[in-house]
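Q: Could you have a look at this structure, given as structure tokens, before my questions?
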């Protein structure tokens, strides 16, 4: 058979978990299918005389280059719904006004006793009540000894009522959802469907100094015993 260039695969595709697209992919998507086989040797045979398949398994790994809480939740296999309201720790560079004149911080509703004030280079920490005072509700800081026109680092907690958050710990639930990966080739799709997939192990979320964050995800196929025998794990699809 001659070479068919239109059938050569190049590029990524789209990954779907539970029918929801999971972020933008980067690097490689790798699908690995394994057939577990028992090899049998008998008597004085010098090699394998029989091979019996005893199971199938599959794993799909991918790297995601954009951050969205809902897609990270799916990648981690978290079943609980995303909640709202979370404590945020801010680090703001603030220019002080005249002595005894309150300066507005970017956020109000500061959590009491969480604020710390440093010099801009963090070499000096200042004392609340001696060098400055704060109004947590109004979100202001008033200089006492801090110098007008000078920038200071103000670190504090506040509750963001609109923040999205998922919470982890204490649950033994392992979420199993359908997975699809679809690759477009010359206007037609090549795809992999895993009927039931669950998170394989860890998801590392690196924060690089000079590169964009890319996190790896890995999913293991689980037999869907509600389907017909021979079609319980995965399918490889080619659109004609």
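In our numbering, the protein residues as written are -3 to 236.
In this text, a Cβ means the ideal position worked out from N, Cα and C, and glycines have one as well.
Since the structure is predicted, the reported quantities are computational estimates derived from the model, not experimental observations.
(1) Expressed to the nearest angstrom, what Euclidean distance is found between the alpha-carbon atoms of residue 63 and residue 151?
(2) Check this for me: beta carbons of residue 80 and residue 167, under 9 Å apart or not?
(3) Give every residue of the same chain whose Cβ lies closer than 6 Å to the Cβ of residue 53, excluding the five residues on either side of it in the sequence, and list them in chain order.
(4) In the DSSP assignment, find the unbroken beta strand (DSSP E) run with residue 13 in it and report its ends.
(5) Whose CA, out of 18, 92, 22, 17, lies closest to the CA of residue 210?
(6) Apply the 10 Å Cβ neighbour rule to residue 88 and answer buried if 16 or more other Cβ atoms are within range, or exposed otherwise.
(7) Assuming residue 169 and residue 67 form a contact by the criterion Cβ under 8 Å, report the distance between their Cβ atoms to the nearest whole angstrom.
(8) Ordered along the chain, which non-local residues of its own chain (more than five positions away) have a Cβ less than 6 Å from that of residue 114?
(9) Measure the alpha-carbon distance for residue 234 versus residue 27 and round it to whole angstroms.
(10) I'd like to know if residue 46 contacts chain D, where contact means its C-beta is closer than 9 Å to some C-beta of that chain.
(11) Would you kindly report the start and end of the unbroken beta strand (DSSP E) that includes residue 174?
(12) Report the option in 111, 57, 40 whose CA atom is closest to the CA atom of residue 18.
(13) Please indicate yes or no: does the CB of residue 88 lie closer than 8 Å to some heavy atom of the ligand ZN?
(14) Below 8 Å on the Cβ atoms is my contact criterion, and I expect residue 140 with residue 128 to pass it. Report the Cβ-Cβ distance as a whole number of Å.
(15) Between which two residues does the beta strand (DSSP E) containing residue 47 stretch?
(16) Quick check on residue 69: does DSSP put it in helix, strand or coil?
(17) Is the CB-CB distance between residue 32 and residue 50 below 9 Å?
(18) Using 10 angstroms around the beta-carbon of residue 207, count the other beta-carbons present and answer buried if the total reaches 16, otherwise exposed.
(19) Helix, strand or coil for residue 164 per DSSP?
(20) Using only alpha-carbon positions, find the residue among 217, 138, 230, 213 that is nearest to residue 70.
(21) For residue 78, count the other beta carbons within 10 Å of its own beta carbon; 16 or more makes it buried, fewer makes it exposed. Which is it?
A: In short, the structure shows the following:
(1) In the chain shown, counting from the first residue as 1, residue 63 sits at position 67. In the chain shown, counting from the first residue as 1, residue 151 sits at position 155. Looking at the two C-alpha atoms, the distance is approximately 25 Å.
(2) Position 84 of the chain shown, counted from the start, is the residue given in the question as residue 80. Position 171 of the chain shown, counted from the start, is the residue given in the question as residue 167. In this structure, residue 167 does not lie closer than 9 Å to residue 80 by Cβ.
(3) Here residue 53 refers to the residue found at position 57 of the chain shown. The residues are 30.
(4) Within the chain shown, numbered from 1, the residue matching residue 13 stands at position 17. Per DSSP, the unbroken beta strand (DSSP E) holding residue 13 starts and ends at 10 to 13.
(5) Here residue 210 refers to the residue found at position 214 when the chain shown is read from its first residue. The residue from 18, 92, 22, 17 with its alpha-carbon nearest to that of residue 210 is 22.
(6) Mapped onto the chain shown, residue 88 falls at position 92. With fewer than 16 other Cβ atoms within 10 Å, it is exposed.
(7) As a working mapping, residue 169 is identified with position 173 in the chain shown. As a working mapping, residue 67 is identified with position 71 in the chain shown. 19 Å between Cβ atoms; not a contact.
(8) For this step, residue 114 is matched to residue 118 along the chain shown. In its chain, beyond the 5 residues on either side, 121, 149 have a beta carbon closer than 6 Å to the beta carbon of residue 114.
(9) Here residue 234 is taken as the residue at index 238 of the chain shown, counted from 1. Here residue 27 is taken as the residue at index 31 of the chain shown, counted from 1. So the alpha carbons of these two residues sit roughly 15 Å apart.
(10) Considering every chain present, this structure includes no chain D. It has just one protein chain.
(11) By 1-based counting over the chain shown, the position of residue 174 is 178. That run of the beta strand (DSSP E) goes 173 to 181.
(12) Indexing the chain shown from 1 puts residue 18 at position 22. Of all alpha-carbon atoms in 111, 57, 40, the one lying nearest the alpha-carbon of residue 18 is that of 57.
(13) Here there are no bound small molecules, and the ligand ZN is not part of this structure.
(14) Working through the chain shown from its first residue, we reach residue 140 at position 144. Working through the chain shown from its first residue, we reach residue 128 at position 132. Going by Cβ atoms, the distance from residue 140 to residue 128 rounds to 6 Å, so yes, they are a contact pair.
(15) Locating residue 47 in the chain shown gives position 51, where the first residue counts as 1. Secondary structure note for residue 47: its beta strand (DSSP E) is the uninterrupted segment 46 to 60.
(16) Looking up residue 69 in the chain shown gives position 73. In the three-state reduction of the DSSP assignment, residue 69 falls in the helix class.
(17) In the chain shown, the residue the question calls residue 32 occupies position 36. In the chain shown, the residue the question calls residue 50 occupies position 54. Yes.
(18) By 1-based counting over the chain shown, the position of residue 207 is 211. Taking every protein chain shown into account, the CB of residue 207 has fewer than 16 other CB atoms within 10 angstroms, so this residue is exposed.
(19) Counting from one through the chain shown, the residue named residue 164 turns up at place 168. Here residue 164 sits in coil by DSSP.
(20) For this step, residue 70 is matched to residue 74 along the chain shown. Measuring C-alpha to C-alpha distances from residue 70 to each of 217, 138, 230, 213 identifies 213 as the nearest.
(21) Working through the chain shown from its first residue, we reach residue 78 at position 82. It is exposed - the Cβ of residue 78 has fewer than 16 other Cβ atoms within 10 Å.
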